[in-house]
Amino acid sequence: MEIDIMTLFPEAVDAMLGISILGRAQERGHIAIRTHQIRSYTTNKQMQVDDYPYGGGRGAVMQADPLYRCWAYILETHGPGRTIFMSPCGRTFDQEAAKELKARYDHLILVCGHYEGVDQRFLDECVDEELSLGDFVLTGGEIAAMAVTDAVCRMVPGVLPDPECFEEESHWNGLLEYPQYSRPAVWHDRVVPEVLLSGDHGKVADWRKKESYKRTMRRRPDLFAKFDESQLITKAEKKVLQQAKDELAAEDQA
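Numbering (the UniProt record's numbering), first residue to last: 1 to 254.
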């Protein structure tokens, strides 16, 4: 997976994506993350990338030409890729979108906007889609681009030790992840659930699935409403789900 990020603040992006898991994955050649300073593609001495908006109004708009020159350089140097503009006007980015990007594309080009927006002509000519982190606005697209990069790259083979590292986490299968515990077994008079100390892997798996159901039903009923119960084939799977519902109902009545 190759990801090129067009930004006015490459140092900030590099500092975040060049360390820890993603940093090691780049060193080992599993992924390639490159940042590009948009100002380097201006044609004026001031390296100006913005100007006033036609029609009036406050603020400034990022000009189409520096963006285009940066984008064209990436295509010429690293080949074509899926170009995505990080924008509050785009579809909401979620785990399914991350899976889709990882499965369908080997090269992503992420465009980080600033100021009051980006000249629509660049978006119309060069951008394949727009993505948003949610119904809120950031001062720039860097945080969103880093989030997309992290979510996609962590699923690339070799980045994490094993697929289970992300396949059992929240949102992978439409559910929230079960609670996690570590040593010591007792902390501030709070004890680790006995089943996790039993050594019975089957019971542990059932408990984790049950707690995943309960947490999703409790915290994100909107997510659970989309959960397809028909995918539960065995009687054991259906029993675990029913136990979760029964325990949740009992807790509500207590």
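From the three backbone atoms N, C-alpha and C, an ideal C-beta is built for every residue, glycine too. Quick caveat, the model's predicted, so the values are computed rather than measured.
Exercise. Under three-state DSSP, which class holds Leu-22?
Worked result: Against the sequence shown, residue 22 aligns to sequence position 22. Three-state result, Leu-22: helix.
For this session: List in chain order: all unbroken alpha helix (DSSP H) runs of 4+ residues lying wholly within the segment 57-137.
Result: Here the runs fully enclosed are 64-78, 95-104 and 120-126.
Problem set entry | Sequence-distant residues of its chain with Cβ nearer than 7 Å to Ser-212 (five each side left out) | For this step, residue 212 is matched to residue 212 along the sequence shown. Result list for Ser-212: Leu-175, Leu-176, Glu-177 and Tyr-178, in chain order.
Exercise. Are the beta-carbon atoms of Ala-32 and Met-86 separated by less than 9 Å?
Worked result: Against the sequence shown, residue 32 aligns to sequence position 32. Against the sequence shown, residue 86 aligns to sequence position 86. Cβ distance not < 9 Å, so Ala-32 and Met-86 don't count as in contact.
Problem set entry | Secondary structure of Asp-51, DSSP reduced to three states | By 1-based counting over the sequence shown, the position of residue 51 is 51. Residue state, collapsed to three classes: strand.
Exercise. Under 9 Å between the Cβ atoms of Asp-65 and Thr-35?
Worked result: Residue numbering aside, residue 65 sits at position 65 when the sequence shown is read from its first letter. Residue numbering aside, residue 35 sits at position 35 when the sequence shown is read from its first letter. No; because the gap between Cβ atoms is not below 9 Å, this pair is not in contact.
For this session: Could you tell me whether the Cβ atoms of Leu-248 and Arg-208 are closer together than 9 Å?
Result: As a first step, residue 248 must be located in the sequence shown, where it is residue number 248. As a first step, residue 208 must be located in the sequence shown, where it is residue number 208. Result no, Cβ atoms of Leu-248 and Arg-208 do not sit closer than 9 Å.
For this session: Would you give the residue range spanned by the alpha helix (DSSP H) that Ala-249 belongs to?
Result: The count along the sequence shown starts at 1 and reaches residue 249 at position 249. Run containing Ala-249: 235-253, per the alpha helix (DSSP H) assignment.
Exercise. Are the Cβ atoms of residue 255 and Val-118 separated by less than 9 Å?
Worked result: As displayed, the chain neither begins before 1 nor continues past 254, which places residue 255 out of reach and without an answer.
For this session: Locate the beta strand (DSSP E) running through Glu-2, then write down its first and last residues.
Result: Your numbering for residue 2 matches position 2 in the sequence shown. From DSSP, the beta strand (DSSP E) with Glu-2 extends over 2-7.
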